[in-house]
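Asker: 337 is the number of the first residue of the sequence shown in the working numbering; add one for each residue after it.
Virtual Cβ for every residue (Gly too), placed ideally from N, Cα, C.
Can you read through this structure? Questions will come right after.
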Amino acid sequence: MIHKFIQNGMYFVLDVNSGGVHVIDELTYDLLDYVTEPLTDECPEAAVRELLGKYPEEDIREVYAELKSLADDKILFSEDDYEKYAQTSVASPVKALCLLISQDCNMRCDYCFASKGDYGKGRMLMSFETGKKAIDFLIEKSANRKALEIDFFGGEPLMNFEVVKQVVEYAREQEKLHDKNIKFTLTTNGILLNDEITEFLNKEMYNVVLSVDGRREINDRVRKTVNGKGTYDIFIDKYKKLVAGRGDKDWYVRGTFTKYNLDFAEDVMSLYNEGFEQISVEPVMSPETEPYAITAADLPRIFEEYDRLANKIREITAQGKFINFFHFMMDLDQGPCVIKRLKGCGCGNEYVAISPDGDIYPCHQFVGIDDYKMGNVHDGSFDTAMKNDFASAHVYSKPACRDCWAKFYCSGGCNANNYLYKGDIRTSHELSCEIERHRVECAIALKAEKLLDSAE
Ligand code: SF4
Ligand code: SF4
Ligand code: SF4
337 MIHKFIQNGM
347 YFVLDVNSGG
357 VHVIDELTYD
367 LLDYVTEPLT
377 DECPEAAVRE
387 LLGKYPEEDI
397 REVYAELKSL
407 ADDKILFSED
417 DYEKYAQTSV
427 ASPVKALCLL
437 ISQDCNMRCD
447 YCFASKGDYG
457 KGRMLMSFET
467 GKKAIDFLIE
477 KSANRKALEI
487 DFFGGEPLMN
497 FEVVKQVVEY
507 AREQEKLHDK
517 NIKFTLTTNG
527 ILLNDEITEF
537 LNKEMYNVVL
547 SVDGRREIND
557 RVRKTVNGKG
567 TYDIFIDKYK
577 KLVAGRGDKD
587 WYVRGTFTKY
597 NLDFAEDVMS
607 LYNEGFEQIS
617 VEPVMSPETE
627 PYAITAADLP
637 RIFEEYDRLA
647 NKIREITAQG
657 KFINFFHFMM
667 DLDQGPCVIK
677 RLKGCGCGNE
687 YVAISPDGDI
697 YPCHQFVGID
707 DYKMGNVHDG
717 SFDTAMKNDF
727 ASAHVYSKPA
737 CRDCWAKFYC
747 SGGCNANNYL
757 YKGDIRTSHE
767 LSCEIERHRV
777 ECAIALKAEK
787 LLDSAE
């Protein structure tokens, strides 16, 4: 399978199965429309006939011969060799927890997926006792895996900061006893950050995720206090202070764009200009009836905006400066782990979420959905059949993903979005797919251009 596309005035063809990216000329790009697998020895006559007005016949036949030679060398139209890895891979140990340390929030964002912080289940904080049980669960279910991860999540996790500290302390004791290495992440809306908390996060958290939607007016339109006021001015300087003290530890600012800011490249740039170089801004996913919802009609504008953003990133990097927009990060070497590329986030299998009452769900987006409750850390129940079902939700078990050129980059999309908007974790959510595929094109182009520059 191949996929051809144009980005930044350049022509690309991706060989899906080998991951090879070829920068091609316009003739090759046009000719690929006539090339089907398996390639014949002679150039298809339809190609010669129809492209003749635009290119000399000799050139058309010569380029076809080159394509045939690349196919013979398995550099183009290479075969899919990966399905066997997906079929043979078994359920993995649990290696990561999303700990809903607070099922409550001190903000009221319009688009909140968690029903303004309480997941539709009532406002609640996790007790230290439940936190301990969650750590014990992770250590037990991680089997021989040494490197483990815990995300403190909410709602707003800093509403339960004392328990965050207690859980970290307990986990540190347990990792020594069980020869584990636990990395902590905390996602915050920043309202409660102060010097003491910042110091703690910069000491203990391997990663900190700072929520902000970009420009002040964009952020404040949807990310509001309980009283409906804007929040940007409450957190922005606190974020800057926290980032200044991070040293070499990870962090990033994370935002959401909605129908209100389809010019979201301006939000990414606003964050960059405020001094934040590690940036993730993602499209909101919501029922189409919401006024801020992104719909299929918005896609052309969104694609245009990703292209504009890619150009802005080109300008920044051309000046020798650094910016990391997460959704344009691309490993053209196809990454270290084939299983990961086939299965994606690992939710419900390697990764689960635990709510304040100890209930286990496949990930934070499933919290509160009774059909997806996997067990409880207090009574020791854990639905291994559901775990196995998620383990087998790979790109080959999702009909649309099997035939999708982006499958090894996207890894099958978000199971939660699939369930929430299509009713089934294996049915792809087309709107997300369209956006993902365009981002992958931008990312491939940016990476290929960088490699070409360094080769020159
Ligand atoms: S800060 Fe997060 S949890 Fe709180 S209302 Fe906003 S989106 Fe929801
Ligand atoms: S873009 Fe959609 S169809 Fe393609 S791999 Fe991702 S989820 Fe599957
Ligand atoms: S299913 Fe979706 S929301 Fe849940 S962890 Fe995976 S990517 Fe994230």
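May I ask whether a heavy atom of ligand 3 can be found less than 8 Å away from the beta carbon of GLN701?
Answerer: Yes - ligand 3 has a heavy atom lying nearer than 8 Å to the Cβ of GLN701.
Asker: When the Cα atoms are used, what is the spatial distance from LYS431 to ALA470?
Answerer: Approximately 12 Å, taken between the alpha carbons.
Asker: For LEU578, which residues of its own chain have a beta-carbon under 6 Å away from its beta-carbon, when the five flanking residues on both sides are left out?
Answerer: THR534, listed in sequence order.
Asker: If I follow the unbroken beta strand (DSSP E) through GLN614, where does it start and stop?
Answerer: 614-619 is the extent of the beta strand (DSSP E) around GLN614.
Asker: Can you give me the Cβ contacts of TYR755 inside the same chain, cut-off strictly under 7 Å, excluding the 5 residues immediately before and after it?
Answerer: If we look at TYR755 and ignore the five residues flanking it on each side, its Cβ neighbours are ILE761.
Asker: Since I believe ILE570 is in contact with ILE527 (beta carbons under 8 Å), could you give me their beta-carbon distance rounded to a whole number of angstroms?
Answerer: Confirmed, Cβ separation roughly 6 Å.
Asker: Would you list the residues whose beta-carbon is nearer than 6 Å to any heavy atom of ligand 2, in the order they occur in the chain?
Answerer: Going along the chain, the residues that qualify are VAL731, LYS734, ALA736, CYS737, CYS740, ALA742, LYS743, CYS746, GLY748, GLY749, SER764, CYS769, GLU772 and ARG773.
Asker: Mind checking which residues open and close the beta strand (DSSP E) that includes SER547?
Answerer: Start and end: 543-547.
Asker: Name the DSSP beta bridge partners of SER717, please?
Answerer: Note: SER717 sits in a beta bridge opposite ASN712.
Asker: Give a single yes or no on whether CYS778 has its beta carbon closer than 8 Å to a heavy atom of ligand 3.
Answerer: Every heavy atom of ligand 3 is 8 Å or more from the Cβ of CYS778, so no.
Asker: Taking all protein chains shown into account, do 16 or more other C-beta atoms lie within 10 angstroms of the C-beta of LEU368, making it buried, or fewer, making it exposed?
Answerer: Flag for LEU368 reads buried.
Asker: Going straight from the alpha carbon of VAL359 to that of MET346, what length do you get?
Answerer: Whole-angstrom Cα-Cα distance: 7 Å.
Asker: The beta strand (DSSP E) spanning PHE488 covers which residue range?
Answerer: It spans 483-489 - the beta strand (DSSP E) in which PHE488 sits, taken as one unbroken run.
Asker: Can the beta-carbon of ALA507 be found less than 9 Å from the beta-carbon of PHE520?
Answerer: Yes, the pair counts as a contact, with Cβ atoms nearer than the cut-off.
Asker: Counting pairs of Cβ atoms below 8 Å between the stretch 696-709 and the stretch 388-399, do you hit three or more?
Answerer: Flag = no, the stretch 696-709 and the stretch 388-399 do not touch.
Asker: Decide if GLU651 is buried, meaning its Cβ has at least 16 other Cβ atoms within 10 Å, or exposed.
Answerer: With fewer than 16 other Cβ atoms within 10 Å, it is exposed.
Asker: Below 8 Å, can you find three or more Cβ-Cβ pairs linking the stretch 441-459 to the stretch 678-687?
Answerer: Result no; under three Cβ-Cβ pairs closer than 8 Å.
Asker: From what residue to what residue does the alpha helix (DSSP H) around ALA752 run?
Answerer: Here the alpha helix (DSSP H) through ALA752 covers 751-758.
Asker: At a threshold of 8 Å, does SER691 count as lining ligand 1 (C-beta to nearest heavy atom)?
Answerer: Because no heavy atom of ligand 1 lies under 8 Å away, the Cβ of SER691 does not count as near it: no.
Asker: Which word fits ASP531, buried or exposed, when buried means at least 16 other C-beta atoms lie within 10 angstroms of its C-beta?
Answerer: With fewer than 16 other Cβ atoms within 10 Å, it is exposed.
Asker: Quick one: Cα of PRO623 to Cα of GLU393, how far?
Answerer: If you take the alpha carbons of PRO623 and GLU393, they lie about 52 Å apart.
Asker: When every heavy atom of ligand 1 is checked, does at least one fall within less than 8 Å of the C-beta of ASN538?
Answerer: Checking the Cβ of ASN538 against ligand 1 gives no.
Asker: Just the C-alpha distance for LEU494 and ASP454, rounded to the nearest angstrom, thanks.
Answerer: So the alpha carbons of these two residues sit roughly 15 Å apart.
Asker: With three or more C-beta pairs closer than 8 Å as the rule, is the stretch 580-587 touching the stretch 549-556?
Answerer: These segments do not touch.
Asker: Smallest Cα separation from GLN701: which of LYS457, TYR370, ASN751 and PHE718?
Answerer: Selected option, being the one with the closest Cα: ASN751.
Asker: Can the beta-carbon of TYR757 be found closer than 9 Å to that of MET621?
Answerer: In this structure, MET621 lies closer than 9 Å to TYR757 by Cβ.
Asker: Can you tell me whether DSSP reads SER768 as helix, strand or coil?
Answerer: Reduced to three states, the DSSP call for SER768 is helix.
Asker: Tell me, please, which residues DSSP counts as bridged to CYS778.
Answerer: According to DSSP, CYS778 bridges with nothing at all.
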